[in-house]
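Just so we're aligned: the sequence shown equals residues 1336 to 1569 in my numbering.
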Amino acid sequence: MFTGIVQGVAHVASIDAREGLHTLALKLPAGFDDELAIGASVSCDGVCLTVTERPSPDVALFDVMGQTMKLTTLGGLRVGSGLNVERAAKDGAEIGGHPLSGHVDVSAHIAEIRKPDNNHVIRFAVPAPWMRYVFAKGYIGVNGCSLTVAEAQRERDGSGWFEVWLIPETLRMTTFADKAVGDAIHLEIDRGTQVVVDTVRDALDEKLGPLLPVLEAIAKERGIDLTQLAIGKS
1336 MFTGIVQGVA HVASIDAREG LHTLALKLPA GFDDELAIGA SVSCDGVCLT VTERPSPDVA
1396 LFDVMGQTMK LTTLGGLRVG SGLNVERAAK DGAEIGGHPL SGHVDVSAHI AEIRKPDNNH
1456 VIRFAVPAPW MRYVFAKGYI GVNGCSLTVA EAQRERDGSG WFEVWLIPET LRMTTFADKA
1516 VGDAIHLEID RGTQVVVDTV RDALDEKLGP LLPVLEAIAK ERGIDLTQLA IGKS
């Protein structure tokens, strides 16, 4: 498990690309590798990877399977690419963000970046049906970083967008300052929110049965999310 508090930025030192398997050598940030052993779990842009080798004190190797490369952005990394990294949480450690598993749910894209005075605002475009789990003031994992959703909007097709406001410290400790419009990022939905939403949807399905698709179609025409209506807006 991870906390979503990014501990620094690692950079790709080399890539050994084989059929169905890439081995990444990551140059780790200062102090990150203290007692980092083979077999340890590290969140790399929100993807839980296992240390396979330690060729030098400041470098660790990670194997990335073909399925992981297909479902994430790791297959598109280049030498010099930066990744947000976090060590696995220890028992009794302070959780400054929210619990993350390191299992990416979906890739989204940066739709807009705004820079008002002393602020950095990023809007992410989310494909259907994942916006059902994103609520204003809720938590979400973005490239392994625990962030609070500032604004969110759902579209009739189940897609949508949400925005986060980043403080200077977050920009300093992560790769977000280097991101551009169109860049792909990893999302991990808050599991507590997912359980509530799915439970409500299952309850609606159980109670309404055959009527639910009809009601959903009517609600969709009017831009209404039945799940959001059932659990209430924050």
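Virtual Cβ for every residue (Gly too), placed ideally from N, Cα, C. All values reported here derive from a predicted model rather than from experimental measurement.
Rank 1436, 1485, 1420, 1492 by C-alpha distance to the C-alpha of residue 1552 and give the top, closest one. Ranking 1436, 1485, 1420, 1492 by Cα distance to residue 1552 puts 1492 first.
Boundaries (first-last residue) of the beta strand (DSSP E) holding residue 1495: Its beta strand (DSSP E) spans residues 1495 to 1501.
Going by beta-carbon coordinates alone, are residue 1408 and residue 1521 separated by less than 8 Å? yes
Could you pull the start and end residues of the alpha helix (DSSP H) that residue 1404 belongs to? 1401 to 1406
With a threshold of 6 Å on Cβ separation, who are the neighbours of residue 1462 within its own chain once the five nearest residues in sequence on each side are excluded? 1494
Give the DSSP-derived three-state secondary structure of residue 1569 in the structure shown. Caution is warranted here: a pLDDT of 42 is assigned to residue 1569, below 50, making its placement in the model unreliable, and the coordinate value is therefore given only provisionally. Note: residue 1569 maps to coil in three-state DSSP.
Of all the beta strand (DSSP E) runs that stay within the bounds of the segment 1412 to 1449, which reach a length of 3 or more residues? 1417 to 1422, 1441 to 1449
With DSSP run on the structure shown, which of helix, strand or coil describes residue 1316? In the structure as shown, the chain starts at 1336 and stops at 1569, and residue 1316 therefore has no counterpart that could be examined.
Counterpart residues of residue 1474 in DSSP-defined beta bridges: 1483
With DSSP run on the structure shown, which of helix, strand or coil describes residue 1554? helix
Short of 7 Å in beta carbon distance, which residues of its chain neighbour residue 1474, apart from the five on each side in sequence? Order them along the chain. 1433, 1481, 1483, 1525
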